[in-house]
Amino acid sequence: AQKVTQAQTEISVVEKEDVTLDCVYETRDTTYYLFWYKQPPSGELVFLIRRNSFDEQNEISGRYSWNFQKSTSSFNFTITASQVVDSAVYFCALSGEYGNKLVFGAGTILRVKS
Amino acid sequence: DVKVTQSSRYLVKRTGEKVFLECVQDMDHENMFWYRQDPGLGLRLIYFSYDVKMKEKGDIPEGYSVSREKKERFSLILESASTNQTSMYLCASSLTGGTSYEQYFGPGTRLTVT
Chain A
1050 AQKVTQAQTE
1060 ISVVEKEDVT
1070 LDCVYETRDT
1080 TYYLFWYKQP
1090 PSGELVFLIR
1100 RNSFDEQNEI
1110 SGRYSWNFQK
1120 STSSFNFTIT
1130 ASQVVDSAVY
1140 FCALSGEYGN
1150 KLVFGAGTIL
1160 RVKS
Chain B
299 DVKVTQSSRY
309 LVKRTGEKVF
319 LECVQDMDHE
329 NMFWYRQDPG
339 LGLRLIYFSY
349 DVKMKEKGDI
359 PEGYSVSREK
369 KERFSLILES
379 ASTNQTSMYL
389 CASSLTGGTS
399 YEQYFGPGTR
409 LTVT
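Sequence order for the protein chains is A and B.
Using the working numbering, the letters of the first sequence correspond one by one to residues 1050 to 1163.
Using the working numbering, the letters of the second sequence correspond one by one to residues 299 to 412.
The structure is reproduced here in structure tokens:
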């Protein structure tokens, strides 16, 4: 069975701090995909990134970066120089090779204070 | 841009009522999904559909049914609403074919059953 664990229920930081959101996954599949979504207060989930299991290169997009480590089954998300607009619930998700189904973690609430 | 719309943002129904939640996507996606979101549990898949008139149960289908008569529209039906179905309901859509594509979400419907 597939499982995603986001152990951090809620994180509070002050603006301009760096923050890392942890994601640990379990799967028996050789090929799988990992995702991060952001859910701002408006409620609509916004897709951030998709990574397949054969691509372990870290990715950076502006202030966002992702660290994928198969050895520890982790796909962590770092926001550099956080801003108030980063306040949201962040979800990590996992799917199999022909993944029509996403398995979501419980989500991490990020609060960025000015 | 992919657009997924849901018929209502907020809905209040009484126990025992039949409830219809409608979802429409405009990007010709084959796959459509219904999730419910509850605090601390993340998103859980209720049903998904990979083609018109095709459907598959997700992780928590009990008490729900779905209908997909047209490619762009996917309806979630609560045959007899109960208070434990009070939740946020999210619809999503994605491409299909050979890999796991990201899902695009609607704004959600917050359903309260009294």
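Virtual Cβ for every residue (Gly too), placed ideally from N, Cα, C.
It should be emphasised that the depicted structure is a prediction, and the values quoted were computed from it without experimental measurement.
What in chain B is Cβ-close to residue i, meaning under 7 Å?
i: residue 1155 of chain A; result: 338, 339, 340
i: residue 1084 of chain A; result: 400
i: residue 1099 of chain A; result: 400
At 8 Å on the CB atoms, spell out the chain A contacts of residue i, in chain order.
i: residue 345 of chain B; result: Under the 8 Å cutoff, chain A gives no residues; its nearest Cβ is about 11 Å from residue 345 of chain B.
i: residue 388 of chain B; result: 1094
i: residue 394 of chain B; result: 1149
Enumerate in chain order the residues of its own chain whose CB-to-CB distance from residue i is below 6 Å, with the five nearest sequence positions on each side excluded.
i: residue 365 of chain B; result: 373
i: residue 306 of chain B; result: 407
i: residue 1117 of chain A; result: 1100, 1105, 1124
i: residue 378 of chain B; result: 314
Got a sec, what are the start and stop residues for the beta strand (DSSP E) residue i sits in?
i: residue 336 of chain B; result: 329-336
i: residue 347 of chain B; result: 340-349
i: residue 389 of chain B; result: 385-392
i: residue 1137 of chain A; result: 1137-1144
i: residue 1072 of chain A; result: Residue 1072 of chain A -> no beta strand (DSSP E), and no H or E assigned at all.
i: residue 1116 of chain A; result: 1113-1118
i: residue 1134 of chain A; result: Element bounds for residue 1134 of chain A: n/a, residue is neither H nor E.
i: residue 308 of chain B; result: 308-311
i: residue 318 of chain B; result: 317-323
i: residue 358 of chain B; result: Counting along the chain, residue 358 of chain B falls outside any beta strand (DSSP E), and DSSP gives it neither H nor E.
In chain B, what lies closer than 8 Å to residue i by C-beta?
i: residue 1091 of chain A; result: 405
i: residue 1160 of chain A; result: The contacting residues do not exist; residue 1160 of chain A stays about 15 Å from chain B at best.
i: residue 1140 of chain A; result: 340, 341
Give me the chain A residues within the contact set of residue i, using Cβ-Cβ distance strictly less than 7 Å, ordered along the chain.
i: residue 348 of chain B; result: 1149
i: residue 401 of chain B; result: 1151
Indicate whether residue i and residue j have their beta-carbon atoms separated by less than 7 Å.
i: residue 1071 of chain A; j: residue 1050 of chain A; result: no
i: residue 1069 of chain A; j: residue 1127 of chain A; result: yes
i: residue 1150 of chain A; j: residue 343 of chain B; result: yes
i: residue 328 of chain B; j: residue 394 of chain B; result: yes
i: residue 1138 of chain A; j: residue 1158 of chain A; result: yes
i: residue 302 of chain B; j: residue 391 of chain B; result: yes
Residues of chain A with a CB under 9 Å from the CB of residue i: which are they?
i: residue 329 of chain B; result: 1149
i: residue 356 of chain B; result: 1150
Only counting the same chain, and skipping five residues up and downstream in sequence, which positions put a Cβ closer than 7 Å to that of residue i?
i: residue 1156 of chain A; result: 1055, 1138, 1139, 1140
Per the contact definition of three or more C-beta pairs closer than 8 Å, is the stretch 1068-1083 of chain A in contact with the stretch 312-320 of chain B? no
Can we say the stretch 303-312 of chain B touches the stretch 344-361 of chain B, given the rule of at least three CB pairs closer than 8 Å? no
Validate contact between the stretch 1114-1128 of chain A and the stretch 1060-1069 of chain A using beta carbons, cut 8 Å, 3 pairs: yes
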